[in-house]
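Residue numbers (my numbering): 1 to 395. In this text, a Cβ means the ideal position worked out from N, Cα and C, and glycines have one as well. Computed from a prediction, not measured in an experiment: that's the story for all the values here. Here is the structure we will look at, set down as structure tokens.
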């Protein structure tokens, strides 16, 4: 893989080692824009007349549709380059989220949510693969996750402030302006040549871990089944316990603070000599504990404990999946296709998880509907990880 970047545009003098800084700033901006909307989007859709099942479908389309087509997006990315992919993605994202200005039927919400999801995936995949082409070490992957969660701290705080003083539409306007700024930043930033045109590519695996890579794709899907429950559970649980809708913003911020403060010290420092498979075993075990918290009666401690154990699972699992994927990917695949394939598997599972979780919660009038979805699949992931651990040593 060549790290030489075409030095053109206003940032032509930027050195290669400075590029990750600008990419991380871009991820931060994207995170702020996204998390201004997500904590309040459930209530926005409920106010528009949707029921919980319909909300689950819309949120599933928003989080999962782009991921389903991520392998196709990754293939396009490898041919046209990450810059064009990311910028077009921002345009699609802006058009898609604009639907939440209006009261329309569920089908229209789903269509535009899917469009926004395509744009979001294209932008995220373009920035992510550009960063990972520089290095797929645990350090860079962890810093990327920290940038996302830094945005997740600022975003909900801004969203709550705007929601308290202004109409929901104000949040949409600010978010759209942020996407415009981000598109301008990426447009003037030098990127690597398209991966398919690279004269030399660094193979991440000799292919002997091909079967294990398929298990990694399955584990990524399971992670997104679990993660898709967050945007449904947190608003409902927070309002039930604390009595105000804005309380969900505090839980979102708490999640981001935990991940931001603990991820680098744990993954890069404390667990630096621990195999990735062992880290993921710890992470999915934490998810099981988090959903176990939902079983007892409601109390003030419930959302706090759920947030704590869910966040620990997230900070351990999310970047480690990317790290393992880079190490176990078949040698003929570039990183754009590798991460695209993972996102496609994740997208299918996000839609299934969000829709099923919302339906079971509505049917039983209890958050324990999500427990029935998530605990069995988390246990299944522990089996898959153990299989990988036996097949591939020292990973």
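{"Asked": "Buried versus exposed call for residue 296 [16 or more other C-beta atoms within 10 Å across all chains shown]", "Found": "exposed"}
{"Asked": "Beta-carbon proximity of residue 248 to residue 257, cut-off 9 Å", "Found": "no"}
{"Asked": "Residue 299 in three-state terms, based on DSSP", "Found": "coil"}
{"Asked": "Cut-off 6 Å between Cβ atoms - residues of its own chain near residue 54, not counting five sequence neighbours on either side", "Found": "106"}
{"Asked": "Environment of residue 300 [buried if 16+ CB atoms lie within 10 Å]", "Found": "exposed"}
{"Asked": "Residue 152 (DSSP reduced to helix, strand or coil)", "Found": "helix"}
{"Asked": "Residue environment, residue 18, which counts as buried when at least 16 other CB atoms sit within 10 Å", "Found": "exposed"}
{"Asked": "Cβ pair residue 151, residue 119 closer than 9 Å", "Found": "no"}
{"Asked": "Option in 22, 362, 376 with minimal Cα separation from residue 185", "Found": "22"}
{"Asked": "Whether residue 223 touches residue 381 by CB criterion (9 Å)", "Found": "yes"}
{"Asked": "For residue 263, the first and last residue of its enclosing alpha helix (DSSP H)", "Found": "247 to 263"}
{"Asked": "Of the listed residues 384, 358, 385, 68, nearest to residue 372 (C-alpha basis)", "Found": "358"}
{"Asked": "Residue 172 versus residue 366 - alpha carbon distance", "Found": "31 Å"}
{"Asked": "Residues near residue 164 by beta carbon distance below 8 Å, same chain, minus five either side", "Found": "246"}
{"Asked": "Option in 229, 104, 212, 272 with minimal Cα separation from residue 349", "Found": "229"}
{"Asked": "Proximity of residue 123 and residue 93 at Cβ, strictly below 9 Å", "Found": "yes"}
{"Asked": "Buried or exposed (CB count within 10 angstroms, at least 16 for buried), residue 390", "Found": "exposed"}
{"Asked": "Close Cβ partners of residue 176 (< 6 Å) along its chain, the five nearest in sequence each way excluded", "Found": "94"}
{"Asked": "For residue 28 and residue 69, the rounded distance between their alpha carbons", "Found": "24 Å"}
{"Asked": "Reduced DSSP secondary structure (H/G/I, E/B, other) of residue 48", "Found": "coil"}
{"Asked": "C-alpha gap between residue 73 and residue 327, whole angstroms", "Found": "21 Å"}
{"Asked": "Top-ranked residue by Cα proximity to residue 35, from 153, 63, 351", "Found": "153"}
{"Asked": "Coil, strand or helix - residue 39 by DSSP", "Found": "helix"}
{"Asked": "8 Å Cβ shell around residue 321 - same chain, five flanking residues per side excluded", "Found": "216, 219, 220, 223, 280, 342"}
{"Asked": "Continuous alpha helix (DSSP H) stretch holding residue 195: start and end", "Found": "Unbroken run through residue 195: none, as it is neither H nor E."}
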